[in-house]
Amino acid sequence: MTNYTELDHSIQARDLEVVRGGNRVLDAITLGIRPGIVTGLLGPSGSGKTTLMRSIVGVQIVAGGEVTVLGRPAGDPALRHRLGYVTQAPSVYADLSVRDNLEYFARVLGAPLARVDETVAAVGLAGHAEQVVRTLSGGERSRASLAVALLNDPEILVLDEPTVGLDPVLRADLWRQFHGLADRGKTVLVSTHVMDEAERCDELVLIREGRIVADGPPAELLARTDAENLEAAFLALAEGPA
Amino acid sequence: MSPRATLATARRVLAQLVRDHRTLAMIVVVPPALIALLEWVFSEQPGRFARVGPPLVGMFPLIIMFLLTSIAMLRERTSGTLERLMSMPIAKLDLLLGYGLAFALVGAVQATVTATVAFWLLGLETAGPVWAVVLLAIGNALLGMSLGLFLSAFATSEFQAVQFMPAVIIPQLLLAGLFVPRDAMPAALERISDFLPFTYAFDGLVRVAADDIGGRLWLDVAVVTGCIVLALVLGATTLRRRTA
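If you're matching them up, the sequences are chains X and C in order.
With the working numbering, the residue at position 136 of the first sequence is 136, and numbering never jumps.
Count along the second sequence from 1, add 1000, and you get the number used in the working numbering.
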């Protein structure tokens, strides 16, 4: 499908298949994701983005094929220190403060407690550290959840729609941070269904109905389809002949 | 397995309880208040409170910790925090033992307060040592906690979890001999009660209260301990790293 060698990839899926309730949610997914760039997983809701991310993290029961992360099978215990995963719904304790949450997860991860203040600041919650999560706004909660994944500075970051509902200034700031992490050699995989975010990715994987429609840098996808914007390119790629 | 993750989990569970002032207040106020009510209810019938009171002191932590844990674990499952933890370097047993440690501590506080009110303020008397009643009560807190952890896997909503009270707890209390002694029950019910953990938790308390420290008490303690371990192991199998 792509022309760079497998050795370059920190995440590799081959013929990945996931069946849920008799439905084929992912069908023959083969892809490679490189470190050092931000890869965007783009597709409509229900296309299989979350399932693909869960398969990479190793929390999804898969029906066939294989996924390797940093050369190990997805879900390998050795990867639990090296991968950060942020689910779409914020998974933090609503009845604890932001700081309590981060200190707990830092202890579980074995990350130094000094990282707590750093990550709180990195996601723009410095003024809310002592606030109970339940009293935060939706966007603040998802940033608290994002902070947990940054605690131990993992090599692989899998972020499921991390910027939904955030104000544009904050969104731009987080995207700068994702690129900053990529520049430091991390693998950053971000899902989105918003086209203007897709433009911020170095590499895009277009997914629809559990299949990969196309992949490549945004500019290349635009050139390939002769489309004016990514939305039109997506349409052309999804409907046109393969 | 890592003591660091176990202790961190215990600390986190306690922090959640401490922030919830009303729950905390109910944990320490409701059982002694119920014991006082019971004393009042039985005040016209001499001897009845003396018989039911002491074992009941030790049964509260079992019931309350069971309900608290099943709801806490259900929340952990439905809020996504369990899935997050399962993608992190924490052993399933670390998580379970962390819960165990936290709820044993809460159970100990509850049992101590309840025992203080019952045995000093209300003048309830036991033939056996009061500290042994408190000790068994802490064991019961652990039993309730481990059963709650395991059974939470069978509830998908808090509406279901609270109904474990009438579905799981009340039948066992009835069959354990709280109202009718087991040997006065129909033979079939007595046979069924042989297989229920509450029977041994209750019998141990009755024996300690009567200063009947002997073989049968150790059997009770052994069965309760076995049930705690079994429920923890079964509970661990319901924590899945991978889900559909």
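Positions of the beta carbon are idealized from the N, C-alpha and C atoms, including for glycine.
Nothing here was measured: the structure is a model prediction, and the numbers come from that model.
Own chain partners of residue i with C-beta closer than 8 Å, once the 5 adjacent residues on each side are dropped
{"i": "Asp167/X", "result": "Gly139"}
{"i": "Val1233/C", "result": "none"}
{"i": "Val25/X", "result": "Val18, Val19, Gly48, Thr51, Gly210"}
{"i": "Ile1138/C", "result": "Pro1061, Ala1104, Gly1107, Ala1108, Ala1111"}
{"i": "Asp76/X", "result": "Gly58, Val69"}
is_contact[residue i, chain C] using C-beta, thresh 9 Å
{"i": "Val132/X", "result": "yes"}
{"i": "Arg184/X", "result": "no"}
{"i": "Val108/X", "result": "yes"}
{"i": "Met1/X", "result": "Residue placement at Met1/X is poorly supported in this model, since its pLDDT is 43, which falls under 50; the coordinates are not used for a value here."}
{"i": "Val59/X", "result": "yes"}
{"i": "Val27/X", "result": "The question names Val, but residue 27/X is Asp in the sequence shown. For Asp27/X, the answer is no, since every Cβ of chain C falls outside 9 Å of its Cβ."}
{"i": "Arg24/X", "result": "no"}
{"i": "Phe234/X", "result": "no"}
{"i": "Arg20/X", "result": "yes"}
{"i": "Asp173/X", "result": "no"}
{"i": "Asp167/X", "result": "no"}
{"i": "Phe105/X", "result": "yes"}
{"i": "Asp117/X", "result": "no"}
{"i": "Ile11/X", "result": "no"}
{"i": "Asp100/X", "result": "yes"}
Beta-carbon spacing of residue i, residue j below 9 Å
{"i": "Ala1025/C", "j": "Leu96/X", "result": "no"}
{"i": "Glu66/X", "j": "Leu16/X", "result": "yes"}
{"i": "Asp1023/C", "j": "Ser1152/C", "result": "For the sequence presented, residue 1023/C should be read as Thr rather than Asp. Cβ atoms of Thr1023/C and Ser1152/C: not closer than 9 Å."}
{"i": "Pro154/X", "j": "Gly110/X", "result": "no"}
{"i": "Asp1211/C", "j": "Thr1126/C", "result": "yes"}
{"i": "Ala1236/C", "j": "Leu1093/C", "result": "yes"}
{"i": "Gly1204/C", "j": "Leu1136/C", "result": "yes"}
{"i": "Phe1066/C", "j": "Gln1110/C", "result": "no"}
{"i": "Gln1172/C", "j": "Phe1150/C", "result": "no"}
{"i": "Val188/X", "j": "Leu157/X", "result": "yes"}
{"i": "Ala1118/C", "j": "Tyr1099/C", "result": "no"}
{"i": "Val148/X", "j": "Val92/X", "result": "yes"}
{"i": "Pro1055/C", "j": "Val1206/C", "result": "yes"}
{"i": "Arg1179/C", "j": "Leu1124/C", "result": "In the sequence as presented, Arg is not what sits at residue 1179/C; that position holds Phe. No, these two residues do not count as a Cβ contact at 9 Å."}
{"i": "Leu1174/C", "j": "Glu1039/C", "result": "no"}
{"i": "Ala236/X", "j": "Asp226/X", "result": "yes"}
{"i": "Gly1148/C", "j": "Ser1087/C", "result": "no"}
Residue i at chain X interface by Cβ criterion, 9 Å
{"i": "Ala1008/C", "result": "yes"}
{"i": "Arg1022/C", "result": "no"}
{"i": "Ile1090/C", "result": "yes"}
{"i": "Ser1157/C", "result": "no"}
{"i": "Glu1083/C", "result": "yes"}
{"i": "Met1086/C", "result": "yes"}
{"i": "Ser1080/C", "result": "First, the residue type needs correcting, since residue 1080/C is Gly and not Ser in the sequence shown. For Gly1080/C, the answer is yes, since a Cβ of chain X falls inside 9 Å of its Cβ."}
{"i": "Arg1242/C", "result": "yes"}
{"i": "Arg1019/C", "result": "yes"}
{"i": "Arg1004/C", "result": "yes"}
{"i": "Arg988/C", "result": "Here chain C covers residues 1001 to 1244 and nothing more, so residue 988/C does not appear."}
{"i": "Ala1015/C", "result": "yes"}
{"i": "Gly1235/C", "result": "no"}
Residues of its chain near residue i, where Cβ-Cβ distance is below 6 Å and the 5 sequence neighbours each way are ignored
{"i": "Leu222/X", "result": "Ala233"}
{"i": "Leu146/X", "result": "Val86, Val123, Pro162"}
{"i": "Asp215/X", "result": "Val205"}
{"i": "Ile1169/C", "result": "Ile1063"}
{"i": "Thr1006/C", "result": "Asp1094, Leu1097, Gly1098"}
{"i": "Pro90/X", "result": "Arg141, Ser142, Ser145"}
{"i": "Val132/X", "result": "Ser97"}
{"i": "Arg54/X", "result": "Gln60"}
Cβ shell of residue i (< 7 Å), same chain only, five flanking positions each side left out
{"i": "Glu130/X", "result": "Ser97, Arg99"}
{"i": "Gly36/X", "result": "Ala182, Gly185"}
{"i": "Gly198/X", "result": "It should be pointed out that residue 198/X corresponds to Ala in this sequence rather than to Gly. If we look at Ala198/X and ignore the five residues flanking it on each side, its Cβ neighbours are Gly40, Leu42, Thr192, Leu204, Pro218, Leu230."}
{"i": "His128/X", "result": "Val98, Leu136, Glu140"}
heavy atom of the ligand COA below 8 Å from residue i C-beta
{"i": "Val1109/C", "result": "Annotation note on the ligand COA: not contained in the displayed structure, which lists no ligands."}
Closer than 9 Å to chain B by CB, residue i
{"i": "Leu1056/C", "result": "Going by chain labels, chain B is absent from the structure shown, which instead holds the protein chains X and C."}
What residues from the region 65-96 of chain X come within 8 Å of chain C, judged by C-beta to C-beta, listed N to C? Shown in chain order are the members of the region 65-96 of chain X whose Cβ falls below 8 Å from a Cβ of chain C: Gly75, Pro77, Arg80, His81, Leu83, Tyr85, Thr87, Ala89, Pro90, Ser91, Val92, Tyr93, Ala94, Asp95, Leu96.
Alpha helix (DSSP H) runs wholly inside the region 1017-1069 of chain C, at least 4 long, in chain order: Every unbroken stretch of the alpha helix (DSSP H) spanning 4 or more residues and falling wholly within the region 1017-1069 of chain C is given here in chain order: 1021-1041.
Going along the chain, which residues of the region 136-147 of chain X sit with their C-beta nearer than 8 Å to a C-beta in chain C? Residues of the region 136-147 of chain X with a C-beta atom less than 8 Å from some C-beta of chain C do not occur.
Whole runs of the alpha helix (DSSP H) within the region 24-109 of chain X, excluding any shorter than 4 residues: Listed in chain order, the complete alpha helix (DSSP H) runs (minimum 4 residues) inside the region 24-109 of chain X are 49-57, 98-109.
Please specify which runs of the beta strand (DSSP E), each continuous and at least 3 residues long, are wholly inside the region 122-181 of chain X, giving them in chain order. Counting only runs of 3+ residues, the beta strand (DSSP E) found wholly inside the region 122-181 of chain X occupies 156-160, in chain order.
What are the residues of the region 1171-1187 of chain C that lie near chain X, defined by any Cβ-Cβ distance shorter than 8 Å? Residues: none.
Alpha helix (DSSP H) runs contained entirely in the region 1169-1232 of chain C, provided each spans 4 or more residues: Those alpha helix (DSSP H) runs which fall completely within the region 1169-1232 of chain C and span 4+ residues are 1170-1175, 1187-1193, 1197-1209.
Please specify which runs of the alpha helix (DSSP H), each continuous and at least 4 residues long, are wholly inside the region 183-214 of chain X, giving them in chain order. Taken in chain order, the whole alpha helix (DSSP H) runs of length 4 or more contained in the region 183-214 of chain X are 195-198.
Return the chain-ordered ranges of every alpha helix (DSSP H) run that is complete within the region 1134-1170 of chain C and spans a minimum of 4 residues. With a minimum length of 4 residues, the continuous alpha helix (DSSP H) runs that stay inside the region 1134-1170 of chain C are 1158-1162.
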